[in-house]
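Novice: One line per chain: the protein sequences are A and B, in this order.
Following the working numbering, the numbering of the first sequence begins with 3 at its first residue and continues without gaps.
Following the working numbering, the numbering of the second sequence begins with 3 at its first residue and continues without gaps.
Ideal Cβ positions, reconstructed from N, Cα and C, are used throughout, including at glycine.
Okay, here's the structure, questions in a sec.
2 protein chains.
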Amino acid sequence: MTSGSFPKPEHDHQRCVARLVRHAEQLCIKAGVRLTVQRLAILKIIGSSHKATGAYDVLEVMAKQGQRAAPVTVYRALDFLISVGLVHRISSLNAFIACHHSHGSNPVQLLICKACGGVGELELPAVTRALKEAAGKAGFSVDEPVVEVTGVCAHCCAA
Amino acid sequence: MTSGSFPKPEHDHQRCVARLVRHAEQLCIKAGVRLTVQRLAILKIIGSSHKATGAYDVLEVMAKQGQRAAPVTVYRALDFLISVGLVHRISSLNAFIACHHSHGSNPVQLLICKACGGVGELELPAVTRALKEAAGKAGFSVDEPVVEVTGVCAHCCAA
DNA sequence: TTTGTAATGTTATACTATTGCATTTGTTAT
DNA sequence: ATAACAAATGCAATAGTATAACATTACAAA
Ligand SMILES: [Zn+2]
Ligand SMILES: [Zn+2]
Ligand SMILES: [Zn+2]
Ligand SMILES: [Zn+2]
């Protein structure tokens, strides 16, 4: 992934999720961390759509699937998934989105469609650089930029 | 205000708050909206520091001042203050910061010091432009970018 | 004054997230 | 193998953030 994209409504989502799972497995092996059944289950739930998913939405789905769990369980799994880069937190929505990419340690910019709820990603080093530079001029040492852009996606613009 | 700044710890804060109040009064007159006592009181509380302030922090202060209020009261005032540009919401902290500037409709980038909790502002049209352009290439029409950068401010870097 | 709108009050509730401690599971070293 | 340790999970309670619904009051214009 070089620059970014917004999920197309017509894509083969079965395949999309399958790829996400493979990606997660490989990534966790390489990082030497444990992708437990529970963590994978929660990743699948979040990855089951390209829309922002709340922690309690995940809980609901788990309950429907018969694997009832406590909130803290979900939050712990989310912490893990975020730490390894398989999930992004969306601060402005108190929600989460599965990440299908490999950003390494590069910050990401999220595109959030107000109309359909879809979430896309950009990876713009220029933006990160500009922020670091401007902050640096004020003596501010940047740790982690949160960039979340609300708007309307191409598909919803048309309609 | 052209580009940005981070609040200096040593500044004359009395004067700083007084300026904020004048700014608020003028702005509300010009906009033809009502800056009620309550709204002003809440703005003053938020503006009483350059750190992020939570809604329930505001409530606590109000209680101490004898003007006990319900959460919804604070949230309504905050909605108002945000809508006229006197307060910025900090999504990543679920908190708020008073705005001493006049951005017009230009988006702002917030600098949040992890060490002291101080919050500064940047106004970087280049960042906004870069986001709009990159989003536009994906057919995404930008409404409102949320840019919040955590890190360590100059003062805390030294220490 | 009447009338309509904006602001506030009141109560309850919804939604989001963490703490603390007990237990289990998996890994590593003997 | 098994002891010892660390990571992950289970469980219950609670903390923290935000809104809904409806009644009332304050203000401004007609
Ligand atoms: Zn998909
Ligand atoms: Zn991503
Ligand atoms: Zn859309
Ligand atoms: Zn500002």
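Measure the alpha-carbon distance for B:ARG78 versus A:VAL35 and round it to whole angstroms.
Specialist: The count along the second sequence starts at 1 and reaches residue 78 of chain B at position 76. The count along the first sequence starts at 1 and reaches residue 35 of chain A at position 33. Straight-line Cα distance between these residues: approximately 45 Å.
Novice: Please classify B:GLN69 as buried or exposed, where buried requires at least 16 other C-beta atoms within 10 Å of its C-beta.
Specialist: Walking along the second sequence from the start, residue 69 of chain B turns up at place 67. The residue is exposed, with fewer than 16 neighbouring Cβ atoms inside 10 Å.
Novice: Chain A partners of B:LYS116, CB-CB under 8 Å?
Specialist: Taking the second sequence and counting its residues from 1, one reaches residue 116 of chain B at position 114. Result: ASP145.
Novice: Let me check one thing: in DSSP terms, what residues is A:PRO147 bridge-paired to?
Specialist: To locate residue 147 of chain A, count along the first sequence from 1; it is residue 145. The partner list for A:PRO147 (beta bridge, DSSP) reads B:VAL151.
Novice: What do you get for A:SER94, buried or exposed, if any count of 16 or more other CB atoms within 10 angstroms of its CB means buried?
Specialist: If you number the first sequence from 1, residue 94 of chain A lands on position 92. Buried is the call here.
Novice: Cβ-heavy atom distance between A:CYS115 and ligand 3 below 8 Å?
Specialist: For the purposes of this step, residue 115 of chain A is taken as the residue at position 113 of the first sequence. Correct: A:CYS115 has its Cβ closer than 8 Å to ligand 3.
Novice: With a cut-off of 7 Å, give the chain-ordered residues whose Cβ is closer than this to any heavy atom of ligand 6.
Specialist: Only ligand 1, ligand 2, ligand 3 and ligand 4 can be found as ligands here, which leaves ligand 6 out of the picture.
Novice: Might you give, ordered along the chain, the residues of its own chain that have their beta carbon closer than 7 Å to the beta carbon of A:VAL76, omitting 5 neighbours on each side?
Specialist: For this step, residue 76 of chain A is matched to residue 74 along the first sequence. Within the same chain, and ignoring the five residues on either side of A:VAL76 in sequence, the residues whose Cβ sits closer than 7 Å to its Cβ are ILE44, ALA57, VAL60 and LEU61.
Novice: Just reading off the alpha helix (DSSP H) that A:ALA97 is part of, what are its end residues?
Specialist: For the purposes of this step, residue 97 of chain A is identified with residue 95 of the first sequence, where counting begins at 1. Taken as a continuous stretch (DSSP letters only), A:ALA97 belongs to no alpha helix (DSSP H), being part of the beta strand (DSSP E) at 97-100.
Novice: Under 9 Å between the Cβ atoms of A:THR55 and A:ILE99?
Specialist: As a first step, residue 55 of chain A must be located in the first sequence, where it is residue number 53. As a first step, residue 99 of chain A must be located in the first sequence, where it is residue number 97. For A:THR55 and A:ILE99, yes; Cβs fall inside 9 Å.
Novice: Going by the C-beta, is A:VAL151 closer than 8 Å to any heavy atom of ligand 3?
Specialist: Here residue 151 of chain A is taken as the residue at index 149 of the first sequence, counted from 1. No, the beta carbon of A:VAL151 sits no closer than 8 Å to any heavy atom of ligand 3.
Novice: Do A:VAL86 and A:LYS116 have their C-beta atoms within less than 9 Å of each other?
Specialist: Here the question's residue 86 of chain A lines up with position 84 in the first sequence. Here the question's residue 116 of chain A lines up with position 114 in the first sequence. It is not a contact, given that the beta carbons lie outside the stated cut-off.
Novice: How about B:VAL110: is its Cβ closer than 8 Å to a heavy atom in ligand 4?
Specialist: Reading the second sequence from its first residue, position 108 is the one you call residue 110 of chain B. The answer is yes for B:VAL110.
Novice: Going by the CB atoms, is the gap between A:HIS90 and A:VAL110 shorter than 9 Å?
Specialist: By one-based count along the first sequence, residue 110 of chain A stands at place 108. By one-based count along the first sequence, residue 90 of chain A stands at place 88. A contact, by the Cβ cut-off of 9 Å.
Novice: Quick one: residues in its chain with C-beta nearer than 6 Å to the C-beta of A:GLY165, no 5 flanking neighbours on either side, listed in chain order?
Specialist: Given that chain A is displayed from residue 3 to residue 161, the structure contains no residue 165 of chain A and the question cannot be resolved.
Novice: Mind checking whether the beta-carbon of B:HIS103 lies closer than 8 Å to any heavy atom of ligand 2?
Specialist: Your numbering for residue 103 of chain B matches position 101 in the second sequence. Checking the Cβ of B:HIS103 against ligand 2 gives no.
Novice: Compute every distance between the C-beta of A:GLU146 and the non-hydrogen atoms of ligand 2, then say whether any falls below 8 Å.
Specialist: As a working mapping, residue 146 of chain A is identified with position 144 in the first sequence. Because no heavy atom of ligand 2 lies under 8 Å away, the Cβ of A:GLU146 does not count as near it: no.
Novice: What are the residues that DSSP puts in a beta bridge with A:ARG114?
Specialist: For the purposes of this step, residue 114 of chain A is taken as the residue at position 112 of the first sequence. The question names Arg, yet the displayed sequence has Ile at residue 114 of chain A. In the DSSP output, where bridge partners are listed per residue, A:ILE114 has A:VAL121 and A:THR152.
Novice: Are the C-beta of B:PHE8 and some C-beta of chain A separated by less than 9 Å?
Specialist: Here residue 8 of chain B refers to the residue found at position 6 when the second sequence is read from its first residue. Interface residue, yes.
Novice: Check the C-beta distance from B:LEU113 over to B:PHE8 and give it rounded, since I have them as a contact under 8 Å.
Specialist: As a working note, residue 113 of chain B is residue 111 in the second sequence. As a working note, residue 8 of chain B is residue 6 in the second sequence. For a cut-off of 8 Å, the C-beta gap from B:LEU113 to B:PHE8 is around 6 Å, short enough to register as a contact.
Novice: With distances taken between CB atoms, is the gap from A:ARG41 to A:HIS102 smaller than 9 Å?
Specialist: Residue mapping note: residue 41 of chain A aligns to position 39 of the first sequence, counting from 1. Residue mapping note: residue 102 of chain A aligns to position 100 of the first sequence, counting from 1. For A:ARG41 and A:HIS102, no; Cβs fall outside 9 Å.
Novice: Which residues in chain A sit within 7 Å of B:GLN111, going by Cβ to Cβ distance?
Specialist: As a working note, residue 111 of chain B is residue 109 in the second sequence. Under the 7 Å cutoff, chain A gives LEU133.
Novice: Would you mind stating whether A:VAL129 and B:LEU133 have Cβ atoms separated by less than 9 Å?
Specialist: Numbered from 1 along the first sequence, position 127 holds the residue referred to as residue 129 of chain A. Numbered from 1 along the second sequence, position 131 holds the residue referred to as residue 133 of chain B. Result yes, Cβ atoms of A:VAL129 and B:LEU133 sit closer than 9 Å.
Novice: Terminal residues of the continuous beta strand (DSSP E) containing A:ARG78?
Specialist: For the purposes of this step, residue 78 of chain A is taken as the residue at position 76 of the first sequence. Element bounds for A:ARG78: not the beta strand (DSSP E) but the alpha helix (DSSP H), 73-85.
Novice: For B:HIS157, which of A:CYS159, A:GLY141, A:ALA156 and A:ASP145 has the nearest alpha-carbon?
Specialist: For the purposes of this step, residue 157 of chain B is identified with residue 155 of the second sequence, where counting begins at 1. The shortest Cα separation from B:HIS157 among A:CYS159, A:GLY141, A:ALA156 and A:ASP145 belongs to A:GLY141.
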